[in-house]
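Protein sequences, first through last, are from chains V and W.
Going by our numbering, the first residue of the first sequence is number 76, and it counts up by one from there.
Going by our numbering, the first residue of the second sequence is number 275, and it counts up by one from there.
From the three backbone atoms N, C-alpha and C, an ideal C-beta is built for every residue, glycine too.
Structure record follows, encoded as structure tokens.
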Amino acid sequence: MKKVAVVGVGETNFSGPQEKTGVELLAEAATEAITESNLKPKDIKALFVGNVLGDFAEGQGMVQAFAAENIGCLYVPANRYEGACASASMAIRDAFMWVASGYYDIVLAGGVERAATMGTGLATRTFAMFSDARYEYPAGITFPAVFAMLTHLYADTYKIPLQKLREQMARVSIQSYNHGSVNPRAQFFGKNASMPVEKVLGSFMVATPLTLHDCCPFSDGAAAVVLASEEAAKKLTKKPVFITGTGQSSCGPLSNQSDYLPRIRAREISSRRAYEMAGVKPGDIDLCELHDCFSIASLIAAEGLGFFEYGKAGEAWEKGQADIGGKIAINPSGGLKSKGHPIGATGAGQVYEVVKQLRGEVEPARQVPDARVAMTDTLGGDGGTLVDMIFQRGW
Amino acid sequence: MGHKLIFKDYNEALKNNRLLGLKCQSCGAITVPPKIACRQCAGQDMEITELRGNGKIRTFTTVFVAAEGRESEIPYTIVMVELDEGPWIMGNLETTDPKAASMELIGKRVKMENRVFPGDKYSAGGGARPLFDLVR
């Protein structure tokens, strides 16, 4: 297998409803990534794109082909990936495989979504399509409801009083808001900094016990990265970021995961594969962009990835161990909660962030000092798709 | 090999308050809802078995933000129930006051009936789901 590097990244603002089409958003992120890589569109051998709900959001399927043509990558193979919120990470992982195999030397991967454009009703309906349509949706399952049930189960499993757990979860949202408030591309840039715990707990109830401030927003946005073989990367950049480990795993409906809940077994398998491939341990990771679609999801993810003991992640957030300067810096971008969650693009947005962090190119207020090893973790559905990737400086 | 039990037949039984599962002839595990392979050992030698529909609540939530088309249902309470036979299953809780649902529900024993979701323009038809009643 060849070594594979990220040689350039691009991203639109993550935000509420945007005026640009999905094709336009993706094309802008892709063009930024290609330009940053010192490449031309003709150098791109294939395009791998995460997009989940373009058909529902704007009546647009096959966005990857139109985007390829839009940016001038004419006649290249262009594939769409759908793994709910993990779609772009699937696309990047497969792009990694193709470059590692030696078949392609330069591939563009990314994703796009216009979830905010759909509005809450349609977005809630369509997001619920990533639960089981026959055995879960009839009961009225929604994504907040999935993680709300996991919250109550977490409190019961680890014997943490619900009110205490909710206060710990509020700390997760507050940390994410603080980071996102100084990230110019975040949905909540300039907003929500230093939010009091009481405000998180007191905002309107979405699904008990999750309030608005426990939940990520619906977002529009796109992100893209260029992957290149080690030989190609050497000619393009002095700061290649190597993808040194990847893992992916799948799983059935939530109730079928009962042997492990509130742990997400698919994440444990996916991340273990990534660690083994990279030859690193959780303690080696300097920063992680993980899938914080809800505040409780951060605790579950940080434990499943091996950063904290089961049932203890909430304490870690309270003590600042999950913040910049702590044991591991989690979601210095603001995460899904504050940077935003354009589901088909989210994984590419995470990779954008960790590459910029490893290069030391983010705003000083949220730069992880001397970051050398980074990780992304993306979850689709209620555990149905998990992708974990590890990144290391190549200089 | 094909399915021993498919959604259509599972669903028709559920509408009559009969909960059908599959018992693995290799490892003895119960799989519900139906799949082609045992949820524990992936063996395909399974026989249809009728479950009692009794169990205890393992977790719950009350939903206040509805999906498009289901606005009239909120607030409603979803539960995950551990059946006496082992598997967990998702359904709703029959309650006059969903807003009062609290951690005290966890561990409470329940008995299954059903309620039918009539379907919407995306769902290719409807489907019954378990509706659980607290055993008093």
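Beta-carbon spacing of residue i, residue j below 7 angstroms
i: V:N113; j: V:R155; result: no
i: W:L325; j: W:E368; result: no
i: V:A397; j: V:L374; result: no
i: V:G458; j: V:A377; result: no
i: V:F205; j: V:A143; result: no
i: W:G343; j: W:D394; result: yes
i: V:A175; j: V:K77; result: yes
i: W:P392; j: W:V306; result: no
i: V:G424; j: V:A298; result: yes
i: V:Q262; j: V:F89; result: yes
i: V:V79; j: V:L311; result: no
i: V:A446; j: V:Q432; result: yes
Given residue i as reference, the closest of the options once Cα atoms are compared
i: V:V257; options: V:R348, V:K414, V:E86, V:T451; result: V:K414
i: V:G85; options: V:V151, V:A203, V:G422; result: V:G422
i: W:I348; options: V:V98, V:F141, V:A170, V:I216; result: V:I216
i: V:L240; options: V:Q250, V:I249, V:H227; result: V:H227
i: V:A188; options: V:D207, V:G435, V:Q139; result: Correcting the residue type first, residue 188 of chain V is Glu in the shown sequence and not Ala. For V:E188, the nearest C-alpha among the options comes from V:Q139.
i: W:Y396; options: V:V221, V:G196, V:R200; result: V:R200
i: V:T192; options: V:W173, V:Y252, V:G296; result: V:G296
i: V:D231; options: W:D371, W:T370, W:P404, W:T333; result: W:T333
i: W:S376; options: W:A398, W:V337, W:G400, W:E345; result: W:V337
i: V:E428; options: V:G177, V:F171, V:P407; result: V:P407
i: V:V448; options: V:V426, V:I167, V:V281, V:L336; result: V:V426
i: W:E286; options: V:K431, V:G409, V:E306, V:R209; result: V:R209
i: V:I167; options: V:V301, V:Q467, V:A307, V:R441; result: V:V301
i: V:M270; options: V:A307, V:R348, V:Y252; result: V:Y252
i: V:I403; options: V:P357, V:V430, V:A220, V:S333; result: V:P357
i: V:I405; options: V:Q442, V:V124, V:A420, V:G419; result: V:Q442
Range of the contiguous beta strand (DSSP E) that encloses residue i
i: V:D452; result: 448-455
i: V:V304; result: Sequence inspection shows Ser at residue 304 of chain V; the Val mentioned does not correspond to that position. Here the beta strand (DSSP E) through V:S304 covers 295-304.
i: V:F317; result: 316-325
i: V:E364; result: 362-364
i: W:F281; result: No beta strand (DSSP E) holds W:F281; the alpha helix (DSSP H) holding it covers 281-289.
i: V:E390; result: Counting along the chain, V:E390 falls outside any beta strand (DSSP E), though it belongs to the alpha helix (DSSP H) covering 388-393.
Same chain, Cβ closer than 8 angstroms to residue i, neighbours up to 5 away in sequence not counted
i: V:D130; result: G136
i: W:C315; result: C298, S300, C301, A303
i: V:G401; result: A391, K394, G395
i: V:G379; result: R338, I339, R342, E343, S346
i: V:Q93; result: T87, L100, R189, A191, T192, D295, G296
i: V:S325; result: A341, G459, T460, L461
i: V:G327; result: D207, G459
Sequence-distant residues of the same chain with beta carbon closer than 6 angstroms to residue i, five excluded per side
i: V:H416; result: C291, S294
i: W:T335; result: I352
i: V:M450; result: I360, C363, I465
i: V:G386; result: Y233
i: V:P152; result: A121
i: W:K330; result: E356, G381, R383
i: V:H288; result: S248, V275, S278
Residue range of the alpha helix (DSSP H) that includes residue i
i: V:S248; result: 237-255
i: V:E349; result: Here residue 349 of chain V turns out to be Ala, not Glu, going by the sequence shown. Unbroken alpha helix (DSSP H) run through V:A349: 340-353.
i: V:M165; result: 162-176
i: V:S370; result: 370-379
i: V:T195; result: 190-202
i: V:T232; result: 218-232
i: V:G129; result: 129-133
i: W:L357; result: Careful: W:L357 lies outside any alpha helix (DSSP H), inside the beta strand (DSSP E) at 350-357.
i: V:F141; result: 138-146
i: V:I109; result: 97-111
i: V:T421; result: 421-434
i: V:K274; result: 272-277
Per-residue burial, residue i [other beta carbons within 10 Å of its own, 16 or more giving buried]
i: W:M354; result: buried
i: W:Y350; result: buried
i: V:F279; result: exposed
i: W:V409; result: exposed
i: W:K309; result: buried
i: W:L379; result: buried
i: V:P444; result: exposed
i: V:Y350; result: buried
i: W:K373; result: exposed
i: W:Y284; result: buried
i: W:G399; result: exposed
i: V:L149; result: exposed
i: V:W470; result: exposed
Sequence-distant residues of its chain with Cβ nearer than 7 angstroms to residue i (five each side left out)
i: V:A161; result: G422, T453, L454, G455, T460, L461, V462
i: V:W392; result: Q243, R246, V247, Q250
i: W:K289; result: N388, V390, A402
i: V:D118; result: I181
i: V:A105; result: G85, A142, I146, L183, G185, A299
i: V:S333; result: none
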